[in-house]
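One structure below.
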Amino acid sequence: MAVGVFDSGLGGLTVHQAIAARLPDLPLVYLGDNAHAPYGVRTADDIFDLTCRGVERLWAEGCDLVILACNTASAAALKRMQETWLADDKRVLGVFVPMIEALTERRWGDNSPPRQVAVNNVALFATPATVASRAFQRELAFRAVGVDVEAQPCGGVVDAIEMGDEMLAEALVTSHVEALLRRMPHPEAAILGCTHYPLMERAFQRALGPQVKVYSQAGLVAESLADYLTRRPQFLGSGAGGRYLTTGDPARVSGKATQFLRRPIPFEAA
Ligand code: DGL
Numbered sequence: 056m057a058v059g060v061f062d063s064g065l066g067g068l069t070v071h072q073a074i075a076a077r078l079p080d081l082p083l084v085y086l087g088d089n090a091h092a093p094y095g096v097r098t099a100d101d102i103f104d105l106t107c108r109g110v111e112r113l114w115a116e117g118c119d120l121v122i123l124a125c126n127t128a129s130a131a132a133l134k135r136m137q138e139t140w141l142a143d144d145k146r147v148l149g150v151f152v153p154m155i156e157a158l159t160e161r162r163w164g165d166n167s168p169p170r171q172v173a174v175n176n177v178a179l180f181a182t183p184a185t186v187a188s189r190a191f192q193r194e195l196a197f198r199a200v201g202v203d204v205e206a207q208p209c210g211g212v213v214d215a216i217e218m219g220d221e222m223l224a225e226a227l228v229t230s231h232v233e234a235l236l237r238r239m240p241h242p243e244a245a246i247l248g249c250t251h252y253p254l255m256e257r258a259f260q261r262a263l264g265p266q267v268k269v270y271s272q273a274g275l276v277a278e279s280l281a282d283y284l285t286r287r288p289q290f291l292g293s294g295a296g297g298r299y300l301t302t303g304d305p306a307r308v309s310g311k312a313t314q315f316l317r318r319p320i321p322f323e324a325a
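Here is the structure:
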């Protein structure tokens with residue numbers, strides 16, 4: 056049995072880490088499409104094609120269930136994959152919905168009409184493609200009323216992380232937070248809507264101030280996967296053993312992953 060975890064690059068490692076902590080006996084095959092990162096500045100068609108290719112690579116590893124640990128792919132490609140591309144014996148799950156369920160205090164499968172929730176002003180930080188898709192607002196509107204969402208496309212942050220330039224990433228985070236706070240001075244909650252951003256979570260929290268609750272997805276996605284697998288154990292694929300695969304240069308990607316996660320992460324060529 057094995058489950059696949061896909062991202063454009065290093066960001067999905069934040070989700071991988073949380074799943075490994077929650078389900079320690081579950082082998083995970085990670086695929087980072089580092090050769091084509093960042094996805095956040097690409098067209099929806101391009102993101103769809105690259106994501107399908109990545110998911111197929113994980114099927115070849117015996118992973119019938121793949122987590123898109125990438126908001127950009129979840130926002131720009133997942134719906135189209137599920138509607139037009141996915142075979143019946145395979146599943147691809149995104150990272151958006153668990154986060155929105157947490158924010159709107161819902162359990163999985165609660166399809167009751169949208170209702171008032173505790174937060175009214177939400178700051179969303181995400182890639183330009185995710186912000187442009189408005190997928191977050193669409194999913195939120197199914198579940199909650201009266202929530203004002205201010206979205207900030209955080210250009211450059213993923214590139215800086217993929218380059219291993221923490222100082223540049225931090226400076227960009229600070230300026231994106233300042234830009235958002237000029238439009239929404241008092242958000243109650245902030246969503247890190249890109250799986251790369253938890254790697255800079257302290258910088259986000261510092262710039263936002265301690266009164267803002269920062270939601271990051273990793274733990275929520277891990278919890279929702281654990282729940283999914285108890286309901287659908289047939290999607291535990293035939294793969295055996297975990298691996299880290301990259302379409303980029305394995306030595307370089309291993310170095311950056313180790314820098315951000317602060318433990319050795321050995322990547323192999325995909
Ligand atoms: N980490 C991804 C996300 O959650 C992708 C970022 C990118 O490649 O631009 O959106």
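Numbers in my numbering are just positions in the sequence shown, counted from 1, shifted up by 55.
Cβ coordinates follow ideal geometry from the N, Cα and C atoms, glycine included.
Check, Outcome
"Under 6 Å, CB to nearest heavy atom of the ligand DGL: contacting residues", "Asp62, Ser63, Gly64, Gly66, Ala92, Pro93, Tyr94, Gly95, Cys125, Asn126, Thr127, Thr182, Thr185, Val213, Cys249, Thr250, His251"
"Coarse secondary structure for Thr301, derived from DSSP in three states", "strand"
"Runs of alpha helix (DSSP H) wholly within the segment 189-238 (minimum 4 residues, chain order)", "190-198, 212-218, 221-238"
"9 Å Cβ cutoff met for Phe61 and Gly109", "yes"
"8 Å contact criterion, which Leu263 and Ala245 should meet: CB distance rounded", "6 Å"
"Per DSSP, cross-strand counterpart(s) of Pro323", "The sequence given here has Glu at residue 323, not Pro. Bridge partners of Glu323: Leu300."
"Phe180 versus Leu236, Met222, Gln207, Val58, residue with shortest Cα-Cα distance", "Gln207"
"Simplified DSSP assignment, three categories, for Val96", "coil"
"Whole-angstrom distance between Glu225 and Glu217, CA atom to CA atom", "13 Å"
"Distance between Arg307 and Arg317 (C-alpha atoms, nearest Å)", "15 Å"
"N-terminal and C-terminal residue of the beta strand (DSSP E) that Ala277 is part of", "Counting along the chain, Ala277 falls outside any beta strand (DSSP E), though it belongs to the alpha helix (DSSP H) covering 273-286."
"Alpha-carbon to alpha-carbon, Ile102 and Arg186", "In the sequence as presented, Arg is not what sits at residue 186; that position holds Val. So the two alpha carbons sit approximately 14 Å from each other."
"Asp144 - DSSP class collapsed to helix/strand/coil", "coil"
"Asn166 (DSSP reduced to helix, strand or coil)", "coil"
"Check whether Glu111 and Val152 have beta carbons under 9 Å apart", "no"
"Residues near Ala184 by beta carbon distance below 6 Å, same chain, minus five either side", "Gly95, Thr127, Ala131"
"Counterpart residues of Gln171 in DSSP-defined beta bridges", "Val200"
"Spatial distance of Val269 from Leu120 (CA atoms)", "28 Å"
"Residues that DSSP places opposite Ile246 in a beta bridge", "Leu179, Tyr270"
"Inter-stretch contact at 8 Å, needing at least 3 Cβ pairs: the segment 140-154 / the segment 164-171", "no"
"Rounded C-alpha distance that separates Ala76 from Glu256", "19 Å"
"Status (buried if at least 16 other CB within 10 Å, exposed otherwise) for Arg198", "buried"
"Run of the beta strand (DSSP E) containing Leu120, from where it starts to where it stops", "120-123"
"Close Cβ partners of Leu113 (< 7 Å) along its chain, the five nearest in sequence each way excluded", "Gly59, Phe61, Val84, Leu86, Val121"
"Met136 burial status per 10 Å Cβ neighbour count (16 or more: buried)", "buried"
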